[in-house]
Amino acid sequence: KNQVEQSPQSLIILEGKNCTLQCNYTVSPFSNLRWYKQDTGRGPVSLTIMTFSENTKSNGRYTATLDADTKQSSLHITASQLSDSASYICVVSGGSSGGSYIPTFGRGTSLIVHP
Amino acid sequence: EAGVVQSPRYKIIEKKQPVAFWCNPISGHNTLYWYLQNLGQGPELLIRYENEEAVDDSQLPKDRFSAERLKGVDSTLKIQPAELGDSAVYLCASSLTGDTEAFFGQGTRLTVV
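Protein sequence lines, in the order shown, are assigned to chains A and B. Under the working numbering, the first residue of the first sequence is numbered 13, with each subsequent residue one higher. Under the working numbering, the first residue of the second sequence is numbered 40, with each subsequent residue one higher.
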């Protein structure tokens, strides 16, 4: 069964600090991995996408890594801001249904940034 | 360009009553998803459409839930009758194809009392 596990479940940090969120998956075959940010009361918004051959990808203060061998990904947030407070969801596309890949969602990591 | 539009944003109903949610995907997006999201959890797929065809509805509780996507554009998700445990956020998303980025609507927050 395709699964995506995220850790930690929740995280509280002070403004300006860095943090790293983890994602482990068992989705096979693998197509891509996305990190989404979901603000309270809003739908998820994509931050980064990584394919099998990519190890690192940055989007501003967000840097995602992917180790396809160990099936692990991380999202590193540098110099956190209050607006980073949100849920961060790891989504792995793979498997196969109806001839196309399907996304499997993790439960998300709830990040709270305190001033 | 408008993103994925969902309505209503909020809905409060009594148990055993019917309820319907509406989704207008991004123009040109062939794939449409309905997700259920409980508080503190990630979205869970209910049904996925490729154009008009429901290609993955294995997680849809078919005894009370139904969905349709007429003409391969707008979609509606219906619950009849609603139960207390159906209280959640119902998210709609669309993408060009099943393997490209999914864009989400703001969701409909359903409260069943």
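Note that CB positions come from ideal geometry on N, CA and C, so glycine has one too.
- Among the residues of chain A, none has a CB under 8 Å from the CB of phenylalanine 60(B); the nearest is roughly 13 Å distant.
- With a threshold of 16 other beta carbon atoms within 10 Å, threonine 121(A) meets it and is buried.
- The region 81-101 of chain A and the region 26-42 of chain A touch, with no fewer than 3 CB-CB distances between them shorter than 8 Å.
- With a threshold of 16 other beta carbon atoms within 10 Å, leucine 78(A) meets it and is buried.
- In terms of Cβ geometry, tryptophan 73(B) and alanine 127(B) do not form a close pair [threshold 8 Å].
- For the alpha helix (DSSP H) assignment, the region 47-93 of chain B encloses no uninterrupted run of at least 4 residues.
- Looking at Val58(B), Asp125(B) and Gln145(B), the one whose alpha-carbon comes closest to that of threonine 115(B) is Val58(B).
- Rounded to the nearest whole angstrom, the C-alpha separation of threonine 60(A) and tyrosine 49(B) is 30 Å.
- Put simply, the CB of alanine 141(B) is near chain A, with a gap under 8 Å to one of its CB atoms.
- In its chain, beyond the 5 residues on either side, Ile86, Arg87, Ala106 and Arg108 have a beta carbon closer than 8 Å to the beta carbon of alanine 93(B).
- In this structure, the alpha-carbon of lysine 110(B) lies about 21 Å from that of isoleucine 118(B).
- According to the DSSP assignment, valine 16(A) belongs to the beta strand (DSSP E) that extends over 16-19.
- Bridge partners of glutamine 84(A) according to DSSP: Asn36(A) and Asp79(A).
- Linking glutamine 76(B) to glycine 28(A) through their CA atoms gives a straight-line distance of about 30 Å.
- Sequence-distant Cβ neighbours of alanine 141(B) in its own chain, meaning closer than 8 Å and more than five residues away, are Thr70, Tyr72, Ala132, Ser133 and Ser134.
- Contact check for tyrosine 74(A) and serine 58(A): beta-carbon distance about 11 Å, past the 8 Å limit, so the pair fails to qualify.
- In the assembly as shown, glutamine 21(A) is an exposed residue. Its beta-carbon has fewer than 16 other beta-carbons within 10 Å.
- By the Cβ neighbour-count rule, threonine 116(A) is buried, with 16 or more other Cβ atoms within 10 Å of its own.
- Around the beta carbon of asparagine 71(A), fewer than 16 other beta carbons lie within 10 angstroms, which makes this residue exposed.
- By the Cβ-count criterion, valine 152(B) is exposed, with fewer than 16 other Cβ atoms from all chains shown falling within 10 Å of its own Cβ.
- For arginine 54(A), the C-beta contacts it makes with chain B under 9 Å involve Phe143, Gln145 and Gly146, in order along the chain.
- At least one CB of chain A lies nearer than 8 Å to the CB of proline 82(B).
- Assignment of glycine 106(A) by DSSP, reduced to helix, strand and coil, places it in the strand class.
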